[in-house]
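Novice: Just so you know, the sequences run in chain order B and W.
Quick note: the first sequence uses numbering that gives the first Met the number 0, first residue 0, plus one each step.
Quick note: the second sequence uses numbering that gives the first Met the number 0, first residue 0, plus one each step.
Dumping the structure here so I can ask a few things about it.
There are 2 protein chains.
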Amino acid sequence: MQVKKEDFPIWFGQLTDEHWSIVLKNSVCLDYNKNEIVCKQGAFATNVYFVVSGMLKVYKEYKGENLIMSFVRKGEVFGLSSIYNNATNLFSVASITPTTVFSVNINVIKNQIREYPDFAEKSIIQLNKEYADTIERIVSLTQKQLNGRMADAILHFARNIYGSDEFNMQITRRDMADFCGMSTESAIRILKELHNDKIISLEGKNVKIINKQQLESLSEFG
Amino acid sequence: MQVKKEDFPIWFGQLTDEHWSIVLKNSVCLDYNKNEIVCKQGAFATNVYFVVSGMLKVYKEYKGENLIMSFVRKGEVFGLSSIYNNATNLFSVASITPTTVFSVNINVIKNQIREYPDFAEKSIIQLNKEYADTIERIVSLTQKQLNGRMADAILHFARNIYGSDEFNMQITRRDMADFCGMSTESAIRILKELHNDKIISLEGKNVKIINKQQLESLSEFG
DNA sequence: GGGAAAAACTGATTTATGTCAGAAAAATTT
DNA sequence: AAATTTTTCTGACATAAATCAGTTTTTCCC
């Protein structure tokens, strides 16, 4: 598979062909099946990854438990937050669906940061965005209870991931639980409750938001 | 109070006198008493702040509850994470002790990022550091129970804030609770328990770590 | 220095949520 | 298509931690 710089316009769009060829020389395109680990928390960070297709989970491992920080899809980047300081991966990342990623050597990225102020600025903006999202999640995870957290997750899927109130969430209940910081049983129970209360409709992994207002109010007050 | 660029060598050390004078023209030095709000979550971010003296808490407000993200002291910076995207303050920041901050206009910072690759890199490193700390905290807050969280907090104070196993923690039990994401009563109870179990000695706000190994094991397994 | 307010503390009670145990359904492999 | 594994689901139970209610101590400030 051939990656073009136009596939990631924010990151590579402005590069001259010469510089782009340097990037290409230090990159590979990798295909993963479902449920394969792309990078492992704690290992030395060697690459920054750009998602060409598929869906992955970015998660923190702790004592056999996973806390999913985010899901990444086509056009998105991961690994940028691990390139400085001690340069070990802050997170593990695994594929949820078959996935293709464009894997760029870390030093190429660092050079770009030093040589292209625009690239540096883009990186800062990206990091700020990830950081802001993380802060919102820390509030959701620590201040809200189960219903509110699940409502947040569903709204996040609808708004930010699928851009629709009706979607197939792809992930298992277990991943959903790991994203909401609760036990699998609790996640299942609450999804069922939301279904029974006709706030969402749920058939397997297919979700449809029926009463968005009530879901938002759960997110706010639950 | 006159701030010198050598006071913040990482940020301003490399600037020419000419550029430093531009920074100074767009900055003010501000004195705060105890318990004053320096910036308010949600307000437009207009400045980046460098701590000249004193101690502040950086916290997230949610429904009257505060979750303290970090404490900042002399030489440290805050507000950098709010300058891009929608440019509203991600956090509130309030003084814990009488405090002096050097407040620099956001556009000066943004210009520096664009003009000095080194400054941009430093900013990325700073953001990465904040981000990594936040991730460690999210794990502590969501995966550990009360004892482990309190142990983390005490170890953080000893290692990162005071650099000593014996310190006056300055903050109230309530702030400690807000930092650990627990109720004030729980924070008090656990601090007392740690004292009774001779893991720390506690007299008012004076803390001394007596059995560091056990505290670390609480952090790990509690 | 005395009064008021805030902070620190303690025990009893409630509750949210995890854990356990097992059944049904779906997905995957042979 | 059958067998096996994984995922989903449900109820009963256990428990960590919040809440409530009240006391004591410390800090603040007139």
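Beta carbons are placed, not taken as given, at the ideal position from N, Cα and C, and that holds for glycine.
Can you check DSSP and say which residues form a bridge with W/Glu60?
Specialist: W/Asn65
Novice: Using C-beta distances below 7 Å, list every residue in its chain close to B/Phe166, excluding the 5 sequence neighbours before and after it, in chain order.
Specialist: Closer than 7 Å at the Cβ level, and outside the excluded window around B/Phe166, lie Phe156, Ala157 and Val206.
Novice: Within its chain, find whatever has a CB closer than 8 Å to the CB of B/Gly180; leave out the 5 residues flanking it on each side and keep chain order.
Specialist: Leu66, Leu140 and Arg148.
Novice: Using CA coordinates, which residue listed in B/Ser81, B/Ile108, B/Ile208 and B/Glu75 is at the minimum distance from B/Thr98?
Specialist: B/Glu75
Novice: In chain order, what residues of the same chain lie with their CB nearer than 8 Å to the CB of B/Ile160, ignoring the 5 residues before and after it?
Specialist: Phe70, Arg72 and Phe166
Novice: Would you kindly work out how many angstroms separate the C-alpha atoms of B/Val57 and B/Ala186, rounded to a whole number?
Specialist: Approximately 19 Å between the Cα atoms of the pair.
Novice: Give me the subset of the stretch 70-84 of chain W whose CB atoms are less than 7 Å from a CB atom of chain B, sorted by chain position.
Specialist: Ser80, Tyr83 and Asn84
Novice: In terms of residues, what are the limits of the beta strand (DSSP E) holding B/Glu165?
Specialist: Glu165 to Asn167
Novice: Taking a Cβ distance cut-off of 8 Å, strictly less, list which residues of the stretch 48-70 of chain B are near chain W, in chain order.
Specialist: Per Cβ criterion, the list reads Lys59, Tyr61, Lys62, Glu64, Leu66 and Met68.
Novice: Which whole-angstrom value describes the C-beta separation of W/Phe43 and W/Thr87, a residue pair presumed to lie in contact below a C-beta threshold of 8 Å?
Specialist: 6 Å
Novice: Check the Cβ of W/Glu114 against every Cβ in chain B and list those closer than 8 Å, keeping chain order.
Specialist: Pro116
Novice: Give the secondary structure of B/Lys128 by DSSP, where H, G and I count as helix, E and B as strand, and everything else as coil.
Specialist: In the three-state DSSP reduction, B/Lys128 falls in the helix class (H, G or I).
Novice: Helix, strand or coil for B/Glu75, going by three-state DSSP, please let me know.
Specialist: coil
Novice: Which residues of chain B have a Cβ atom closer than 8 Å to the Cβ of W/Val2, listed in chain order?
Specialist: Within chain B, no residue comes near W/Val2; the closest Cβ sits about 24 Å away, beyond 8 Å.
Novice: For W/Leu23 and W/Leu89, I'd like the C-alpha separation in whole angstroms.
Specialist: 25 Å
Novice: According to a CB-to-CB cut-off of less than 7 Å, which residues of the stretch 152-185 of chain B neighbour chain W?
Specialist: Gly180
Novice: Does the pairing of the stretch 38-52 of chain W with the stretch 76-84 of chain W give three or more beta-carbon distances under 8 Å?
Specialist: Yes, the stretch 38-52 of chain W touches the stretch 76-84 of chain W.
Novice: In chain B, what lies closer than 7 Å to W/Leu89 by C-beta?
Specialist: Chain-ordered, the chain B residues with CB closer than 7 Å to the CB of W/Leu89 read Ala131 and Ile134.
Novice: Answer yes or no: do W/Leu145 and W/Ile108 have a C-beta to C-beta separation smaller than 7 Å?
Specialist: no
Novice: Name the residue from W/Ser52, W/Thr133 and W/Tyr130 whose alpha carbon lies nearest to the alpha carbon of W/Phe101.
Specialist: W/Ser52
Novice: From W/Glu184 to B/Ile123, what distance separates their C-alpha atoms?
Specialist: 40 Å
Novice: Provide the residue span of the beta strand (DSSP E) that contains W/Ile199, from first to last.
Specialist: Ile199 to Glu202
Novice: Using a Cβ-Cβ cut-off of 7 Å, state whether W/Ala119 counts as contacting chain B.
Specialist: yes
Novice: So which residues on chain W does B/Val138 lean against when the C-beta distance must stay under 8 Å?
Specialist: Lys59, Tyr61 and Leu66
Novice: Could one say the Cβ of W/Leu23 lies closer than 7 Å to chain B's Cβ atoms, at least one of them?
Specialist: Closer than 7 Å: no.
Novice: What does W/Leu126 reach in chain B if we use C-beta pairs closer than 8 Å?
Specialist: Those are Ile123, Leu126, Asn127 and Tyr130, listed as they occur along chain B.
Novice: Which parts of the stretch 96-163 of chain B are runs of the alpha helix (DSSP H), unbroken and 4 residues or longer, counting only runs that do not cross its ends?
Specialist: 105-114, 116-142 and 145-155
Novice: Inspect the beta-carbon positions of B/Val103 and B/Val37 and report whether they are closer than 7 Å.
Specialist: no
Novice: Cβ of B/Leu55 within 7 Å of Cβ of B/Ser94?
Specialist: yes
Novice: For B/Leu193, which of helix, strand or coil comes out of DSSP?
Specialist: helix
Novice: Apart from the five residues just before and just after W/Lys193, which ones in its own chain have a Cβ nearer than 6 Å to its Cβ?
Specialist: Lys is not the amino acid found at residue 193 of chain W; the sequence shown has Leu there. If we look at W/Leu193 and ignore the five residues flanking it on each side, its Cβ neighbours are Ile199.
Novice: Short check: CB of W/Glu151 to CB of W/Ser216, under 7 Å?
Specialist: Here residue 151 of chain W is Asp; the residue named in the question, Glu, does not match the sequence. W/Asp151 is not a Cβ neighbour of W/Ser216, given a cutoff of 7 Å.
Novice: Once you ignore the five residues that flank W/Glu35 on each side, which residues in its own chain have a CB closer than 7 Å to its CB?
Specialist: In its chain, beyond the 5 residues on either side, Ala93 and Ser94 have a beta carbon closer than 7 Å to the beta carbon of W/Glu35.
Novice: Expressed to the nearest angstrom, what Euclidean distance is found between the alpha-carbon atoms of W/Val138 and W/Pro116?
Specialist: 33 Å
Novice: Mapping DSSP to helix, strand and coil, what is B/Thr171?
Specialist: Correct three-state label for B/Thr171: coil.
Novice: If you measure from the beta carbon of B/Thr45 to each beta carbon in chain W, is any gap under 7 Å?
Specialist: no
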